[in-house]
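Here the structure is laid out as structure tokens; the discussion comes afterwards.
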Amino acid sequence: MRRHPLLMHNMSFVWTVLCLLQWPSEAMIILPQANIGNISCAVNRMCLESPSCNQTWYLNVAHGYRIKLHFTHFHISRHEDTCHNFVKVMDGLNPSIIICGKQNVSSGQGSQAPMVFFSSSNTMTVAFHSSRKQREHLGGFSAHYTAVDIDECALRNGRCSRFCHNYPGGYSCSCDLGYFLKEDNRTCYELDCGKPEQPVAMIGRIIGGDRAQAGNFPWQVYLNAHGPAGGVLISDRWVLTVAHLIRLKREEEDLEGNVTAVDLEVYMGDINMNKQFQLGQHPVERVFVHPQYSTEGHNFDHNIALIKLKHSVTQSADIRPICLPWRNSENFYEEGRMGFVSGFGVTEQNRLSAYLRYVTLPIASRNTCRDHLRDKEIWGRRPVFSENMFCAGLPGRLKQRKDACQGDSGGAFGQYDEERDRWVVTGLVSWGFGCARGYSFFTKVDNYMAWIDEVMSE
Numbered sequence: 433m434r435r436h437p438l439l440m441h442n443m444s445f446v447w448t449v450l451c452l453l454q455w456p457s458e459a460m461i462i463l464p465q466a467n468i469g470n471i472s473c474a475v476n477r478m479c480l481e482s483p484s485c486n487q488t489w490y491l492n493v494a495h496g497y498r499i500k501l502h503f504t505h506f507h508i509s510r511h512e513d514t515c516h517n518f519v520k521v522m523d524g525l526n527p528s529i530i531i532c533g534k535q536n537v538s539s540g541q542g543s544q545a546p547m548v549f550f551s552s553s554n555t556m557t558v559a560f561h562s563s564r565k566q567r568e569h570l571g572g573f574s575a576h577y578t579a580v581d582i583d584e585c586a587l588r589n590g591r592c593s594r595f596c597h598n599y600p601g602g603y604s605c606s607c608d609l610g611y612f613l614k615e616d617n618r619t620c621y622e623l624d625c626g627k628p629e630q631p632v633a634m635i636g637r638i639i640g641g642d643r644a645q646a647g648n649f650p651w652q653v654y655l656n657a658h659g660p661a662g663g664v665l666i667s668d669r670w671v672l673t674v675a676h677l678i679r680l681k682r683e684e685e686d687l688e689g690n691v692t693a694v695d696l697e698v699y700m701g702d703i704n705m706n707k708q709f710q711l712g713q714h715p716v717e718r719v720f721v722h723p724q725y726s727t728e729g730h731n732f733d734h735n736i737a738l739i740k741l742k743h744s745v746t747q748s749a750d751i752r753p754i755c756l757p758w759r760n761s762e763n764f765y766e767e768g769r770m771g772f773v774s775g776f777g778v779t780e781q782n783r784l785s786a787y788l789r790y791v792t793l794p795i796a797s798r799n800t801c802r803d804h805l806r807d808k809e810i811w812g813r814r815p816v817f818s819e820n821m822f823c824a825g826l827p828g829r830l831k832q833r834k835d836a837c838q839g840d841s842g843g844a845f846g847q848y849d850e851e852r853d854r855w856v857v858t859g860l861v862s863w864g865f866g867c868a869r870g871y872s873f874f875t876k877v878d879n880y881m882a883w884i885d886e887v888m889s890e
């Protein structure tokens, strides 16, 4: 039994009930729900003449807790070895406990004290009974009760198929990375990620700026924050994107405020932007920005965010999540590895694309990325290039044709894993210098798997 020092922090009163059995009575007291209280009973000689001298208390505390009952005084007369007068403790599941005589209430600590009892649920009944056969010196008793957290995970793992997490007043279930909870919030299932029904053609040459076909990139999400942007569906209720779309840079004074869950528009399900609008929005429940993300304009380190949708999306050929990288997937970031970037961003004609387009880009060496940043500034300061980023693009004369651009931020840098026959999001379109100018910079998703797992498991 795990006890919590703050389990009574929200109680504004303590219920205290005193019974003085001085007249003929058969009383029943139902106490209001409270997580702490006292009951006591003192019996005098007027009760001796009555046909009945009984009383019953019904205790109940908040759901998710059980009752700890501690008798602080107990002296009910008994005749030889027979309990004609007694107190009965009941909770409906455990066998009833009958107590009489003079009991030691001072020795022992906690649950080892001789007059401490626990219920199996959030209710308990305490009944006092007297018999006309023996009413001399009935005495009395007093008791204090408190709510104690039930550790649901200790019993059959809370019926969770994988992980059970107990907290004061309740519990929750979670799954291994890559698995998700069903509607019963207990059973885990594996999401069929990274398996498009119509995968993009895998041919051995660079293809840039092509229009995607239906089903090529079913994880593509169109976001409208302070303008068009991208996102990546990674489960039936979670979208991965970049933080600067949600929490603005300080230098962006022309834009009003940060984006909240209410402000954010989420669309998916078609390669035609107008048809996506017709399909309707997916309401957002909550937005999570990485806690180390900086609003300084030159620093895009930790540029990652998670969006939790209010409802699960219905999977189809046009809506399907991409896989997150397996732990320590450094081989995805080797120089020359090809990745696909898709989005509705600005095209060569300097206008937003009405159709989903994609480009393939090779990952560059870290030295190449650093060289590209030489003598460049963002908002008057040298840009940060950290271990949480990589860059990709085309050198030389081909670079003018292929790149990510405005409106693509937050979209996936997706790679095909031949070993597992699945597509994996290894990067997020993050920042760069204009469009089609050599290299774009991406958030390295592999470095944030622990954070993603933590947020999605809450």
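Quick note on the numbering used here: the sequence shown kicks off at 433 and runs consecutively. All residues carry an ideal CB built from backbone N, CA and C; glycine is no exception. These numbers were taken from a predicted model, which means no experiment stands behind them.
Worksheet item: Between the beta-carbon of residue 795 and the beta-carbon of residue 665, is there less than 8 Å?
Response: no
Item to complete: For my contact list, residue 887 and residue 738 are in at a C-beta cut-off of 8 Å; report their separation, rounded to the angstrom.
Response: 5 Å
Worksheet item: Do residue 486 and residue 560 have their CB atoms nearer than 8 Å?
Response: yes
Discussion item. Pull the bridge partners of residue 774 from the DSSP assignment, please.
Written reply: 790
Worksheet item: For residue 730, which residues of its own chain have a beta-carbon under 7 Å away from its beta-carbon, when the five flanking residues on both sides are left out?
Response: 810, 811, 813, 814, 815, 816
Item to complete: Reducing DSSP to helix, strand and coil, say where residue 676 ends up.
Response: helix
Worksheet item: What is the C-beta distance between residue 693 and residue 718, in whole angstroms, given that I count them as a contact (C-beta under 8 Å)?
Response: 6 Å
Worksheet item: How many Å lie between residue 505 and residue 493 at the Cα?
Response: 22 Å
Worksheet item: Roughly how many whole angstroms lie between the Cα atoms of residue 644 and residue 877?
Response: 24 Å
Practice prompt. Could you tell me whether the Cβ atoms of residue 871 and residue 825 are closer together than 8 Å?
Written response: yes
Worksheet item: Contact between the segment 766 to 776 and the segment 710 to 728: three or more CB pairs below 8 Å?
Response: no
Item to complete: Taking the CB atoms as reference points, tell me whether residue 508 and residue 520 lie closer together than 8 Å.
Response: no
Fill in: Cβ distance (whole Å) where residue 499 is taken to contact residue 551 below 8 Å
4 Å
Fill in: Under the three-state DSSP convention, the category residue 453 falls into
Legend: pLDDT at residue 453 = 44, less than 50; position of this residue unreliable, value from coordinates given subsequently. Of the three classes helix, strand and coil, the one that applies to residue 453 here is strand, per DSSP.
Worksheet item: Residue range of the alpha helix (DSSP H) that residue 708 falls in?
Response: 705 to 711
Worksheet item: Is residue 505 near the ligand ADP, with its Cβ less than 7 Å from a heavy atom?
Response: No copy of the ligand ADP occurs in the structure displayed, which carries no ligand at all.
Worksheet item: Using the C-alpha atoms, what's the distance from residue 596 back to residue 656?
Response: 36 Å
Practice prompt. Indicate whether residue 585 and residue 603 have their beta-carbon atoms separated by less than 8 Å.
Written response: yes
Worksheet item: Buried or exposed: which applies to residue 882, given that a residue is buried once 16 or more other Cβ atoms fall within 10 Å of its Cβ?
Response: exposed
Discussion item. If you follow the beta strand (DSSP E) that residue 598 is in, where does it begin and where does it stop?
Written reply: 595 to 599
Worksheet item: How big is the Cα-Cα spacing for residue 582 and residue 591?
Response: 14 Å
Worksheet item: Does the Cβ-Cβ distance between residue 860 and residue 873 come in under 8 Å?
Response: no
Discussion item. Please identify the residue among 706, 746, 594, 679 whose C-alpha is closest to the C-alpha of residue 727.
Written reply: 679
Worksheet item: In angstroms, rounded to a whole number, what distance separates the CA positions of residue 513 and residue 533?
Response: 9 Å
Fill in: Where the beta strand (DSSP E) containing residue 872 begins and where it ends
871 to 876
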